[in-house]
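Peer 1: Keeping their order, the protein sequence lines are chains P and X. Heads up, the first sequence stops at 115 in our numbering, and the numbers go up one at a time, no gaps. Heads up, the second sequence stops at 227 in our numbering, and the numbers go up one at a time, no gaps. Every residue, glycine too, gets a C-beta built ideally from N, C-alpha and C. Bear in mind the structure is a predicted one, so any value in this text is a computation, not a measurement. Pasting a structure here, questions to come.
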Amino acid sequence: EPEVTQTPSHQVTQMGQEVILRCVPISNHLYFYWYRQILGQKVEFLVSFYNNEISEKSEIFDDQFSVERPDGSNFTLKIRSTKLEDSAMYFCASSLRRVPTYEQYFGPGTRLTVT
Amino acid sequence: ILNVEQSPQSLHVQEGDSTNFTCSFPSSNFYALHWYRWETAKSPEALFVMTLNGDEKKKGRISATLNTKEGYSYLYIKGSQPEDSATYLCASIKAAGNKLTFGGGTRVLVKP
């Protein structure tokens, strides 16, 4: 069964460094998302992406964050200058349609630790 | 209700017992409610997507109901098994959007 994959599973970085989190969505899906969960808190939406542009973003998704689909298979989240509060589990998701009744398929997450 | 809330946060169930738990969500501009099952170290797995008031969905021993007017959904597990141990997340979507707004989850532990 097709699945969303994410790499790495765990990333440790120093404050101020840039990180790129990678995702391979399900191949025929057209809509892509990033969510994150800070330890002990709810899963929260960051950004959605369609047709090579951001379709919606949350207030968390500021200028330090960017997303890209560089080659038609990967979907990346870049954090330019990490802060301690960026430590979280980051989930990528994809869906076939931009319709709320369609399921979003999630990857297993990347745990980002900023020291 | 302004946020999506789930209760209880956790519950222990004896194997073979049935259980249920609640998701509350804002009823204004509601479009859909998603339920996910999330086992530790795995990807959250979609269980149900529900849209209509009075909707009931079933998948094996797990079922869910939806009340959009009062803004709540129940998830039921009948005859709990150890493999049902997981965190169950609900998430609502408002009209004209597709971002999921999650509740805090209900962590279910089924004891043999």
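Using 8 Å as the threshold, is the C-beta distance between X/L190 and X/Y151 below it?
Peer 2: Position 75 of the second sequence, counted from the first residue, corresponds to residue 190 of chain X. Position 36 of the second sequence, counted from the first residue, corresponds to residue 151 of chain X. Result no, Cβ atoms of X/L190 and X/Y151 do not sit closer than 8 Å.
Peer 1: Enumerate in chain order the residues of its own chain whose CB-to-CB distance from X/Q129 is below 8 Å, with the five nearest sequence positions on each side excluded.
Peer 2: Sequence index remark: in the second sequence, residue 129 of chain X carries index 14 (1-based). S195, V225 and K226.
Peer 1: Beta strand (DSSP E) containing X/A206: first to last residue?
Peer 2: Within the second sequence, the letter at position 91 stands for residue 206 of chain X. Here the beta strand (DSSP E) through X/A206 covers A201 to K209.
Peer 1: Could you check whether the segment 26 to 46 of chain P touches the segment 85 to 97 of chain P, counting it as contact only if at least three pairs of C-beta atoms, one from each stretch, sit closer than 8 Å?
Peer 2: Short answer: they touch.
Peer 1: Relative to chain A, which residues along the segment 129 to 145 of chain X have a C-beta separation below 7 Å, given in chain order?
Peer 2: Here the protein chains are P and X, and chain A is not one of them.
Peer 1: If contacts are defined as beta-carbon pairs under 8 Å, then P/L112 and P/T76 qualify, I think. What distance do you get, rounded to the angstrom?
Peer 2: Along the first sequence, read from residue 1 onward, the residue named residue 112 of chain P stands at position 112. Along the first sequence, read from residue 1 onward, the residue named residue 76 of chain P stands at position 76. The Cβ separation is near 13 Å, so there is no contact.
Peer 1: Please list, in chain order, the residues of the segment 80 to 98 of chain P that have any C-beta partner in chain X closer than 7 Å.
Peer 2: Cβ contacts with chain X come from R98.
Peer 1: Check the Cβ-Cβ distances between P/T101 and every residue of chain X, and say whether any is below 8 Å.
Peer 2: Counting from 1 along the first sequence, the entry for residue 101 of chain P is found at position 101. Cβ-Cβ to chain X under 8 Å: yes for P/T101.
Peer 1: Run down chain P in chain order and give the residues with a C-beta less than 7 Å from the C-beta of X/G219.
Peer 2: As a first step, residue 219 of chain X is located in the second sequence; it is residue number 104 there, counting from the start. Ordered by position in chain P, the residues that pass the 7 Å Cβ test against X/G219 are K42.
Peer 1: Beta-carbon within less than 8 Å of X/K174's beta-carbon, same chain only, minus the 5 sequence neighbours each way: which residues are those?
Peer 2: Against the second sequence, residue 174 of chain X aligns to sequence position 59. Counting only Cβ-Cβ distances below 8 Å, and skipping sequence neighbours, we find L162 and F163.
Peer 1: Along chain X, in chain order, which residues have C-beta atoms closer than 7 Å to that of P/S73?
Peer 2: Here residue 73 of chain P refers to the residue found at position 73 of the first sequence. Within chain X, no residue comes near P/S73; the closest Cβ sits about 18 Å away, beyond 7 Å.
Peer 1: With C-beta atoms as the reference, is X/T216 less than 8 Å away from P/F45?
Peer 2: Here residue 216 of chain X is taken as the residue at index 101 of the second sequence, counted from 1. Here residue 45 of chain P is taken as the residue at index 45 of the first sequence, counted from 1. Going by C-beta atoms, X/T216 is nearer than 8 Å to P/F45.
Peer 1: Quick one: Cα of X/L126 to Cα of X/G212, how far?
Peer 2: Position 11 of the second sequence, counting from 1, holds the residue named residue 126 of chain X. Position 97 of the second sequence, counting from 1, holds the residue named residue 212 of chain X. Between X/L126 and X/G212, the C-alpha separation is close to 32 Å.
Peer 1: Taking the CB atoms as reference points, tell me whether P/M15 and P/V99 lie closer together than 8 Å.
Peer 2: As a first step, residue 15 of chain P must be located in the first sequence, where it is residue number 15. As a first step, residue 99 of chain P must be located in the first sequence, where it is residue number 99. No, Cβ-Cβ distance for P/M15 and P/V99 is not below 8 Å.
Peer 1: Give every residue of the same chain whose Cβ lies closer than 6 Å to the Cβ of P/E56, excluding the five residues on either side of it in the sequence, and list them in chain order.
Peer 2: What you label residue 56 of chain P is simply residue 56 of the first sequence in a count that begins at 1. Closer than 6 Å at Cβ, skipping near neighbours: S48.
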